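Asker:
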Amino acid sequence: MCFSAKASFIASISLGFIGLATLKQVKKKTQLLFALIPLMFSIQQFSEGLIWLLKDNFSTNHILIKALSYIFLNFALIIWPIVIPLSLYNLEEDKNRRWYLKILLSLGLAWAILFFVVLLKEQVFVAIECSHIYYNVHVPFYKNYNLALTVYGMTTILPFFISTRKSMKIFGTLLLFSCLISYVCWYNYLTSVWCFFAALLSLSVYVIIKWQNIKENYLTVLNRYKNLNKI
Numbered sequence: 000m001c002f003s004a005k006a007s008f009i010a011s012i013s014l015g016f017i018g019l020a021t022l023k024q025v026k027k028k029t030q031l032l033f034a035l036i037p038l039m040f041s042i043q044q045f046s047e048g049l050i051w052l053l054k055d056n057f058s059t060n061h062i063l064i065k066a067l068s069y070i071f072l073n074f075a076l077i078i079w080p081i082v083i084p085l086s087l088y089n090l091e092e093d094k095n096r097r098w099y100l101k102i103l104l105s106l107g108l109a110w111a112i113l114f115f116v117v118l119l120k121e122q123v124f125v126a127i128e129c130s131h132i133y134y135n136v137h138v139p140f141y142k143n144y145n146l147a148l149t150v151y152g153m154t155t156i157l158p159f160f161i162s163t164r165k166s167m168k169i170f171g172t173l174l175l176f177s178c179l180i181s182y183v184c185w186y187n188y189l190t191s192v193w194c195f196f197a198a199l200l201s202l203s204v205y206v207i208i209k210w211q212n213i214k215e216n217y218l219t220v221l222n223r224y225k226n227l228n229k230i
């Protein structure tokens, strides 16, 4: 996280427990990837917590810090642009919405492949500045940061608004709001700060899946009752 090792590890442990509890709520295969999101955020936050612990000996622990920063950035730049649209695609039942989500998934895959190559070839710079973790990846082919951020948002935020589920739209609204706050208040540390806010929001994945199961169980019972009345 962007403030301290303690905050990072508290977030990581909380996400770990909620993530395991969320997996127990999974009733269908289509829910699995979405249910894994809190656990994945737990790993990402844990890697950043370790960076904080090693910050006093950056030169001595340079290789380890670099490895941890690659773990964090792999989640941020490669995993999330794929997992978000794919997990919502799996949950979606409307054919037209699935088609839109498939387009965003294709965009996410292209983005992920691009940054996979970038992380392999280019140097990653990480530093502690003003009580925040600063990440910088040299990307030789783009010069418009805001355009890149817009494309990234299309793969990680827009899918929630395409979903037909009201809970997803609420989640997407909060995610968008957290991005705007991070952009305005912590522009130079957006990668670290927004990932932290998104990680906290992912705690609600448990509620979303549990509510979905309750709703589906209710509809099943209701349909059975209606069928009995027809007999």
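Residue numbers (numbering that gives the first Met the number 0): 0 to 230.
By construction, the Cβ of each residue, glycine as well, lies at the ideal position given by its N, Cα and C atoms.
Owing to the predicted nature of the structure, the values given are computational and were not obtained by experimental measurement.
Assign N60 to one of three DSSP states: helix, strand, or coil.
Answerer: Three-state DSSP puts N60 in coil, outside helix and strand.
Asker: Does the Cβ of I161 have 16 or more other Cβ atoms within 10 Å, making it buried, or fewer, making it exposed?
Answerer: By the neighbour-count rule (16 or more Cβ atoms within 10 Å), I161 is buried.
Asker: So the candidates are F195, V82, I62; which of them puts its Cα closest to the Cα of L35?
Answerer: Looking at the Cα atoms, V82 is the closest of the given residues.
Asker: Output the residue ranges of the beta strand (DSSP E) runs that lie fully inside the segment 90-155 and measure 3 residues or longer, sorted by chain position.
Answerer: The qualifying runs are 123-128, 131-136.
Asker: Run through DSSP, which three-state label would Q24 get?
Answerer: Coil.
Asker: Quick one, which of L119, L113, P80 has its alpha-carbon nearest I102's?
Answerer: Checking every option, the nearest Cα to that of I102 belongs to P80.
Asker: Out of D55, Y217, S46, K209, which has the shortest C-alpha to C-alpha gap to K27?
Answerer: Selected option, being the one with the closest Cα: K209.
Asker: At what residues does the alpha helix (DSSP H) containing W193 begin and finish?
Answerer: Unbroken alpha helix (DSSP H) run through W193: 189-200.
Asker: Answer yes or no: the CB of H61 versus the heavy atoms of the ligand PLP, is any distance below 6 angstroms?
Answerer: Ligands in the displayed structure: none, and consequently the ligand PLP is not present.
Asker: Would you mind reading off the limits of the alpha helix (DSSP H) that contains W51?
Answerer: Run containing W51: 36-52, per the alpha helix (DSSP H) assignment.
Asker: Determine the direct distance from the alpha carbon of V123 to that of G48, and round the result to whole angstroms.
Answerer: G48 and V123: Cα-Cα distance of roughly 18 angstroms.
Asker: So which of N143, Q211, L174, S203 has the shortest CA-CA distance to W193?
Answerer: Here the closest residue by C-alpha is L174.
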